[in-house]
Amino acid sequence: MQRYFASLFGNEVILKEDDVFHLMKVMRAKNNDKIEIVDENGKAYLARIIQINPLRIVIQEPILKNSELDTKVTLFFALAKSDKIDFVIQKATELGASRIVLFEGKRSIVHFSKDDFVRKYNRYHNIAKEAAEQCHREIIPEICFAPTIKDIESFLAEVNLFAYELDAGKTNDFASIFNKRMNSLSIIVGPEGGFDEKEADYLLSKNFKTISLGKRILRCETAAVYALSVIAFNLEK
Ligand code: SAH
Numbered sequence: 001m002q003r004y005f006a007s008l009f010g011n012e013v014i015l016k017e018d019d020v021f022h023l024m025k026v027m028r029a030k031n032n033d034k035i036e037i038v039d040e041n042g043k044a045y046l047a048r049i050i051q052i053n054p055l056r057i058v059i060q061e062p063i064l065k066n067s068e069l070d071t072k073v074t075l076f077f078a079l080a081k082s083d084k085i086d087f088v089i090q091k092a093t094e095l096g097a098s099r100i101v102l103f104e105g106k107r108s109i110v111h112f113s114k115d116d117f118v119r120k121y122n123r124y125h126n127i128a129k130e131a132a133e134q135c136h137r138e139i140i141p142e143i144c145f146a147p148t149i150k151d152i153e154s155f156l157a158e159v160n161l162f163a164y165e166l167d168a169g170k171t172n173d174f175a176s177i178f179n180k181r182m183n184s185l186s187i188i189v190g191p192e193g194g195f196d197e198k199e200a201d202y203l204l205s206k207n208f209k210t211i212s213l214g215k216r217i218l219r220c221e222t223a224a225v226y227a228l229s230v231i232a233f234n235l236e237k
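In my numbering, the protein residues as written are 1 to 237.
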């Protein structure tokens, strides 16, 4: 069943304009059709279309099943070509991340100013929103920006992981991270050119724990998907 993020007015659902278009033109909704709604507080409901023109949708009952991870996961992802960023935002959303922080790595070949990020923000937010609706989440991940690696500090989690290409293939204890419960977890993935030594030193000084993603050197977008898959799998075991 299609899910939409919307606001509620009493028990009436107020859909955004794009979602009305999607519901009517793409889903070809009819009177009495049921849809799922998530309100601004992250509460999900089953709702029913009671009138088509003008469109009226009313809440029927709460949906109790929750699809969020119990641990808040942040992905720090170095700036990469724009199709890779779009891909990673979509996949990180599907894999349960709560926040995606784009940062400019020293070896990033793409550069953004804060203004560039602000201009692109709506596009990123829409990718995350559509992915969150598609995979039935209760929240839309936040998308944030850190101009340099040092600016990630305000987003750090209880446990912070560092996917380090120089550790590729080293035996490590990625899985043992999950032996104890934690409220928040982050993972940082570097740019196509990898991390420079100073960035690695900085992360280690902030207590990041290096982890290997296997013997092969993955492309940055594959590394993000691999790491978040391992994290979601272990958190949901
Ligand atoms: N150009 C670099 C690799 C960069 S890969 C080189 O040839 O060494 C891009 C990012 O993906 C890395 O910075 C790291 O965060 C992550 N990554 C890729 N493969 C990895 C692996 N096997 N283990 C840990 N991290 C990896």
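Glycine is no exception: its CB is placed at the ideal position from the N, C-alpha and C atoms.
Since this is a predicted model, take the numbers as computed values, not measurements.
Between the CA atoms of residue j and residue i - distance to the nearest angstrom
i	j	result
L161	D39	32 Å
R99	H125	11 Å
L204	E94	29 Å
V159	A227	14 Å
Q33	L69	Reading off the sequence shown, one finds Asp at residue 33, where the question assumed Gln. Going by the C-alpha atoms only, they are around 29 Å apart.
F76	V101	5 Å
K150	E199	9 Å
K65	Q2	15 Å
N179	S212	18 Å
E142	A232	18 Å
Y45	I59	6 Å
K30	H22	13 Å
K237	T171	22 Å
D116	S7	29 Å
P191	K81	10 Å
E165	R119	32 Å
Residue i, buried or exposed, once every other Cβ within 10 Å from all chains shown has been counted against 16
i	result
E197	exposed
T74	buried
L15	buried
D19	buried
R28	exposed
A175	exposed
S154	exposed
Y121	exposed
K84	buried
V26	exposed
Anticipated Cβ contact below 8 Å, residue i with residue j, distance rounded
i	j	result
P147	K106	Between K106 and P147 the Cβ distance is about 12 Å, and since that is not below 8 Å, they are no contact.
I37	Y4	6 Å
K72	N234	Contact flag wrong, Cβ pair sits at about 15 Å.
I57	I35	7 Å
V189	A223	5 Å
Contact set for residue i: own chain, Cβ-Cβ below 7 Å, skip 5 residues either direction
i	result
S229	L95
A128	I89, T93, I140, P141 and I143
Sequence-distant residues of the same chain with beta carbon closer than 6 Å to residue i, five excluded per side
i	result
S67	H136 and R137
F87	E221
Residues near residue i by beta carbon distance below 8 Å, same chain, minus five either side
i	result
A97	V73, T74, L75, P141 and L228
Taking only runs of the alpha helix (DSSP H) that begin and end inside the segment 37–62, which ones reach a length of at least 4 residues, in chain order?
none
Which ranges does the beta strand (DSSP E) cover as unbroken runs of at least 3 residues, wholly within the segment 70–131, from first to last along the chain?
The qualifying runs are 72–78 and 99–103.
So within the segment 129–204, which uninterrupted beta strand (DSSP E) runs reach at least 3 residues, ignoring any that extend past its ends?
142–146, 159–163 and 184–189
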